[in-house]
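K.L.:
Dropping a structure here in structure tokens format, bear with me for questions.
Residue numbers (this note's numbering), protein chains in the order written: chain D, 779 to 1303; chain C, 1090 to 1264; chain R, 14 to 208; chain Y, 25 to 369.
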């Protein structure tokens, strides 16, 4: 398989000792689970009430539509509250469940004969089971799998330092991954199935090759992509494997390809074959700030504090708590936040692992950022344009193609928070585009109104012109010349009114009114 | 003598070609007016002393208007016009009004008498109602141009800042 | 051939209006943040104007001012020539095709002749031996002015994002930048006459 | 519940800072300084000391004037790099006021007037050098013939630099740079072969200059290997000057110096690796950098051949700094997923 290089990318210190990832360790059930409900628009109404007893896998909120994803209880227990709770660096309405420790579950009926079932039935099961992408974006799997693609790429290339969740799954769950590959290949009607993993994942490669040797598990091509951040990003992986580039603003389906994280594939497989809703995921715990670093099988909704406490607690070097990887992860202010489907890792970084708190300096245009930018942009030019407020020019330079991978901020010798700037720039661009769409709407309505007024005026003139010949048949002398404007036609066509007739009519009207007046009843005005 | 003439002619020919190319790139007045109209906020408010955004755009293209007469566009709008017309950017002229946050008209339904004067005045048909019946403003469509305030006999229309959720962009118009 | 090159290099480099003779400095300093295509148009229009002014002032000089006593009228004839040149350009533009007229309306040259054109009117009679050379020299001077305009506008785009100390913002920085460009231009000083 | 400080992503960093970049540049300059010390004597040490002292003084003064904290800005060594570059271009026995004027022009006019590091459009060292070339033409022409100044006693040296009194034996020691002699003798119609036989020229170029050029190339190689500078500018400068001088040399070897001689003499190698590669004032797109380097090479040769100065590197770099913003518009790279460069998708 000929691999194409992708532009830029950086070689990060992996912080991943050993050839194979450690086996996933399990965790005792936390006393309380916090399940954030998706924003009102993206999901159905909350299906449970406070005090109601729920079992593991029971639906807390239905999927908004056939392409959404439902929310499920992480374990059995009673719902103690449905209220806003801190989630990530913000807040969301959450269903809080006090677990009872029995952990009895309510599985959905397994669909063992999924090969014969219609695709729609399988996609609908994925939505009901709440399967979302576990690669960090948490995009509903049903929506992503809806578009078939001849090339199916299973993304096992976990390229951020410390992260070993996918690698642990590949090393210790290779059979399930390959089975899931078959299911997804059927769902996507894919003719080629590629499983990408980083060239440094020797343990995972060996486990997969052993599983491939087993009967009935063929058809999946193992591809070792170069260990270079951000090779695991969807666009870069497609470039490396197919040599094609996803068009700007487009999706992989435009290239007849689809990319799925290996963990999401397994979650989809479990939901269909075992009828298990998505209630747990593998989370990497790392960094010098915590003891017992490794890969844990964590129930969704488990507070981070519980995970850290049972792993071994904080060391005194703990300086920053990050949900996700060190390059794209989100720093959070405290550990009373739940683990979500998008939480690939919980990192407690020590002060020396962190970027130096050096003050931000002026950009010296060294171009290191442009050399490493996988989207082949010019971060230094975008920086200058955004600082001058030249949104239009920045959009022209490809600001919306920035994948926020952080490689530019990683190499920047002047310590400029570039990703933050581009994220703000993108949101400002979005606001500008909304305003422009609103303006276009207003222009359309204005033009429609102007057209309507013109049409009304023309109709009124036509109506008057049509009525005028009917009232004066006696004075049918021909209209002498073509009237200059329609309005003028009305007056010349009618016969000249003589003044006496008008006065007589008024007198008759006054007389009739006096005759009615003495009757003492005033008609309506 | 002839060599210099030839060189001068060649040089001036190149200059003329350059100017022709620049002129074609800059475009005739008509499509320049369209490009300017695309940048204007389309509030049709008339604060620029022109009866709407399109007339102001055409005046700008003819070079009769200045780029700082559009308060709803704000300073950013003036900068965009400057960049489009190759002029020196300057902030909005306060004489035409001061740029402010986006506002939406709101009809006080207890005092509205259904006189339809505001409906006729609204440049974008954002007010729904009928004679002697209740009138109300469609918040998503209102551009905050304040043209409905003067004709209202009972002064029941007030301007309120556009709420964030009301800012949901209406579906793309088919026009 | 060599005098054509000498005139060309002379007009653009050795006798650059803005950087060597400091004519039209105020136009360059005030070019400020304008898109590059607008500055290019302005530069090309300046070239046309200079090309009109130079032969005019040359003929006026060599027809009227031969007698030494009349040479005191030189500033007057220079002013007359440049005013006539700009006037001719304004008139000519009215007959130009629509797109060019639109471009001219957006990037007009001031009606009154400014220092740069006066400079051309004074330089051309001194350096050119016949009207054709004056025409070529005038065009070269215009191109020199246009070149500095475009380079300076490019520089301005890079200066826009800088945190210039408050007292130097705006005109002082523009003049300082022009001084540094003049410093760089001095390196090309001898290029013209050694051809 | 344990609280943490919050900061935007990414949370780790490659560790390279502006100070370290400038540190690498200074390190790469050491071989060049050593070679120049070897051939032109300890005068350079005095010039270096003077320039560095003035640099520190001006930086500190301006930073206090602008109310900025002294340490972080002083520590970014950018002023030190400017000082060393300027010192290398000054004649070893130039009086102290030449260094003062050069550093004043470089740091005050060239850099801090625009707002400090990162904001200056012109290379500060070259602004200083160009100003000094124009203001002190006589002092700047007083180069020494190679290997001669070893006989100078320290007191004569101090007199020359600190009090501006030229040593009595100066006329035997001093001679113009090879480029100067090249230009003056060429104008007297002497053929290149005769010029080459004067004691000034070694087997390739100027006697000492070829080693100095090699030392700069060595330093440049280090910078390329450490990825502090990119290959486009040096390739542009060296490639363009070779390509431009080759046809002239082939057509008429007697009057036009060989491309190698051009490379070795004067400040071309210093410019190729240390001056033109200044990222702040150069072009920032790969294609722009290539054009920038080519421009510096061509303009340097043009000024050497027809210009008024023996070595036009300073002016060539300043002129290309002026054109750099336009060069960036020539060839922006094609973003991922776009059909053409710089066009909307």
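Ideal Cβ placement from N, Cα and C applies to all residues, glycine included.
Which parts of the segment 810-859 of chain D are runs of the alpha helix (DSSP H), unbroken and 4 residues or longer, counting only runs that do not cross its ends?
P.N.:
DSSP runs (the alpha helix (DSSP H)) wholly in the segment 810-859 of chain D: none.
K.L.:
If you follow the beta strand (DSSP E) that residue 108 of chain Y is in, where does it begin and where does it stop?
P.N.:
Residue mapping note: residue 108 of chain Y aligns to position 84 of the fourth chain, counting from 1. Where residue 108 of chain Y is concerned, there is no enclosing beta strand (DSSP E), although the alpha helix (DSSP H) it sits in stretches over 102-113.
K.L.:
Could you have a look at residue 1258 of chain D and say whether DSSP puts it in helix, strand or coil?
P.N.:
The residue given as residue 1258 of chain D occupies position 480 in the first chain. Because the pLDDT of residue 1258 of chain D is 40, which lies under 50, any placement of that residue in the model is unreliable, and the question is left without a value.
K.L.:
If contact is defined by three or more beta carbon pairs under 8 angstroms, each pair taking one atom from either stretch, is the segment 1080-1097 of chain D in contact with the segment 1008-1026 of chain D?
P.N.:
Cβ pair count under 8 angstroms is below three, so no.
K.L.:
Using the beta-carbon count (16 or more within 10 Å), is residue 850 of chain D buried or exposed?
P.N.:
Sequence index remark: in the first chain, residue 850 of chain D carries index 72 (1-based). By the 10 Å Cβ count, residue 850 of chain D comes out buried.
K.L.:
Where in the segment 858-905 of chain D do unbroken runs of the beta strand (DSSP E), each at least 3 residues long, occur, reported from the N-terminal end onward?
P.N.:
Entirely contained in the segment 858-905 of chain D, the beta strand (DSSP E) runs reaching 3 residues are, in chain order, 868-877.
K.L.:
My guess is that residue 35 of chain Y and residue 252 of chain Y are in contact by the Cβ rule of under 8 angstroms, so how many angstroms apart are they, rounded?
P.N.:
Mapped onto the fourth chain, residue 35 of chain Y falls at position 11. Mapped onto the fourth chain, residue 252 of chain Y falls at position 228. About 25 angstroms; that fails the 8 angstroms criterion.
K.L.:
Give the secondary structure of residue 1200 of chain D by DSSP, where H, G and I count as helix, E and B as strand, and everything else as coil.
P.N.:
In the first chain, residue 1200 of chain D corresponds to position 422, counting from 1. Residue state, collapsed to three classes: helix.
K.L.:
Quick one: Cα of residue 1123 of chain C to Cα of residue 1179 of chain D, how far?
P.N.:
Position 34 of the second chain, counted from the start, is the residue given in the question as residue 1123 of chain C. Position 401 of the first chain, counted from the start, is the residue given in the question as residue 1179 of chain D. Approximately 28 angstroms between the Cα atoms of the pair.
K.L.:
Is the closest heavy atom of the ligand GTP to the C-beta of residue 173 of chain R under 8 angstroms?
P.N.:
Within the structure as shown, the ligand GTP is missing, as the structure has no ligands at all.
K.L.:
Mapping DSSP to helix, strand and coil, what is residue 362 of chain Y?
P.N.:
Within the fourth chain, residue 362 of chain Y is the residue found at index 338, counting from 1. Reduced to three states, the DSSP call for residue 362 of chain Y is coil.
K.L.:
What residue range does the beta strand (DSSP E) around residue 1249 of chain C cover?
P.N.:
For the purposes of this step, residue 1249 of chain C is taken as the residue at position 160 of the second chain. 1246-1250 is the extent of the beta strand (DSSP E) around residue 1249 of chain C.
K.L.:
Counting only C-beta atoms, is residue 1024 of chain D closer than 9 angstroms to chain Y at any point?
P.N.:
Counting from 1 along the first chain, the entry for residue 1024 of chain D is found at position 246. It does: the Cβ of residue 1024 of chain D has a partner Cβ on chain Y nearer than 9 angstroms.
K.L.:
Could you check how far apart the C-beta atoms of residue 1061 of chain D and residue 1124 of chain D are, in whole angstroms? I think they sit under 8 angstroms.
P.N.:
Within the first chain, numbered from 1, the residue matching residue 1061 of chain D stands at position 283. Within the first chain, numbered from 1, the residue matching residue 1124 of chain D stands at position 346. With 8 angstroms as the limit, residue 1061 of chain D and residue 1124 of chain D qualify as a contact, their Cβ atoms being about 6 angstroms apart.
K.L.:
Please classify residue 1063 of chain C as buried or exposed, where buried requires at least 16 other C-beta atoms within 10 Å of its C-beta.
P.N.:
The shown model of chain C, from 1090 to 1264, leaves out residue 1063 of chain C, and the question about it has no answer.
K.L.:
Is any beta-carbon of chain R found at less than 9 angstroms from that of residue 1176 of chain C?
P.N.:
For the purposes of this step, residue 1176 of chain C is taken as the residue at position 87 of the second chain. Answer yes: the Cβ-Cβ gap between residue 1176 of chain C and chain R drops below 9 angstroms somewhere.
K.L.:
Less than 7 angstroms between C-beta atoms, sequence neighbours within five positions excluded: which residues of the same chain meet that for residue 1177 of chain D?
P.N.:
As a working mapping, residue 1177 of chain D is identified with position 399 in the first chain. Excluding sequence neighbours, residue 1177 of chain D sits near 1160, 1200, 1203, 1204 and 1207.
K.L.:
Decide if residue 853 of chain D is buried, meaning its Cβ has at least 16 other Cβ atoms within 10 Å, or exposed.
P.N.:
Along the first chain, one-based indexing puts residue 853 of chain D at 75. Buried, because 16 or more other Cβ atoms sit within 10 Å of the Cβ of residue 853 of chain D.
K.L.:
With three or more beta-carbon pairs closer than 8 angstroms as the criterion, would you say the segment 934-942 of chain D touches the segment 1008-1016 of chain D?
P.N.:
Touching, yes, given that three or more Cβ pairs across the two stretches are closer than 8 angstroms.
K.L.:
Given a limit of 9 angstroms on CB to CB distance, which residues of the segment 1129-1152 of chain C reach chain D?
P.N.:
So the close ones are 1129, 1130, 1131, 1132, 1133, 1141, 1142 and 1143.
K.L.:
Which of the three DSSP states is assigned to residue 1181 of chain D in this structure?
P.N.:
By one-based count along the first chain, residue 1181 of chain D stands at place 403. Coil at residue 1181 of chain D, not helix or strand.
K.L.:
Of all Cβ atoms in chain Y, is any one closer than 9 angstroms to the Cβ of residue 1031 of chain D?
P.N.:
In the first chain, counting from the first residue as 1, residue 1031 of chain D sits at position 253. Chain Y, which has no Cβ nearer than 9 angstroms to the Cβ of residue 1031 of chain D, makes this no.
K.L.:
Determine, using beta carbons only, whether residue 202 of chain R comes closer than 9 angstroms to chain C.
P.N.:
By 1-based counting over the third chain, the position of residue 202 of chain R is 189. Not one chain C Cβ lies under 9 angstroms of residue 202 of chain R.
K.L.:
What residues of chain D sit near residue 1230 of chain C, judged by a beta carbon separation below 8 angstroms?
P.N.:
The count along the second chain starts at 1 and reaches residue 1230 of chain C at position 141. By Cβ distance, chain D contributes 1219, 1220 and 1223.
K.L.:
Among Y:345, Y:333 and Y:331, which one has its Cα closest to the Cα of residue 315 of chain Y?
P.N.:
Sequence index remark: in the fourth chain, residue 315 of chain Y carries index 291 (1-based). The option with the nearest alpha carbon to residue 315 of chain Y is Y:345.
K.L.:
In terms of residue numbering, what span does the alpha helix (DSSP H) encompassing residue 1020 of chain D cover?
P.N.:
The residue labelled residue 1020 of chain D in the question sits at position 242 within the first chain. Residue 1020 of chain D -> alpha helix (DSSP H) spans 1012-1020.
K.L.:
Among Y:25, Y:339 and Y:279, whose alpha-carbon lies nearest the alpha-carbon of residue 201 of chain R?
P.N.:
Within the third chain, residue 201 of chain R is the residue found at index 188, counting from 1. Of Y:25, Y:339 and Y:279, the residue nearest in Cα terms is Y:339.
K.L.:
Below 9 angstroms between beta carbons is the criterion; list the residues of the segment 112-124 of chain R that meet it against any residue of chain C, in chain order.
P.N.:
Flagged, chain order: 112, 113, 114, 115, 116, 117, 118, 119, 120 and 121.
K.L.:
For residue 807 of chain D, I'd like the list of residues in its chain whose CB is within less than 8 angstroms of its CB, leaving aside the five on either flank, ordered along the chain.
P.N.:
The residue given as residue 807 of chain D occupies position 29 in the first chain. Within the same chain, residue 807 of chain D has close Cβ partners 853, 877, 879, 881 and 1077.
K.L.:
Less than 6 angstroms between C-beta atoms, sequence neighbours within five positions excluded: which residues of the same chain meet that for residue 792 of chain D?
P.N.:
In the first chain, residue 792 of chain D corresponds to position 14, counting from 1. Within the same chain, residue 792 of chain D has close Cβ partners 939.
K.L.:
Quick check: what's the CA-CA separation for residue 63 of chain Y versus residue 159 of chain Y?
P.N.:
If you number the fourth chain from 1, residue 63 of chain Y lands on position 39. If you number the fourth chain from 1, residue 159 of chain Y lands on position 135. Near 26 angstroms, if we compare the C-alpha coordinates of residue 159 of chain Y and residue 63 of chain Y.
K.L.:
When the cut-off is 9 angstroms and only beta carbons count, does residue 286 of chain Y lie next to chain R?
P.N.:
Here residue 286 of chain Y is taken as the residue at index 262 of the fourth chain, counted from 1. Output row for residue 286 of chain Y: interface = no.
K.L.:
Could you tell me whether the Cβ atoms of residue 21 of chain R and residue 1098 of chain C are closer together than 9 angstroms?
P.N.:
Locating residue 21 of chain R in the third chain gives position 8, counting from the first residue. Locating residue 1098 of chain C in the second chain gives position 9, counting from the first residue. No, the pair does not count as a contact, with Cβ atoms beyond the cut-off.
K.L.:
Helix, strand or coil for residue 58 of chain Y per DSSP?
P.N.:
Stepping through the fourth chain from its first residue, residue 58 of chain Y is reached at position 34. If DSSP states are grouped into helix, strand and coil, residue 58 of chain Y belongs with the helices.
K.L.:
Output the distance between the C-alpha atoms of residue 341 of chain Y and residue 318 of chain Y, rounded to the nearest integer angstrom.
P.N.:
Numbered from its first residue, the fourth chain carries residue 341 of chain Y at position 317. Numbered from its first residue, the fourth chain carries residue 318 of chain Y at position 294. Cα to Cα, residue 341 of chain Y sits roughly 11 angstroms from residue 318 of chain Y.
K.L.:
Counting only C-beta atoms, is residue 151 of chain Y closer than 9 angstroms to chain E at any point?
P.N.:
Looking at the structure shown, chain E is missing, and the protein chains on hand are D, C, R and Y.
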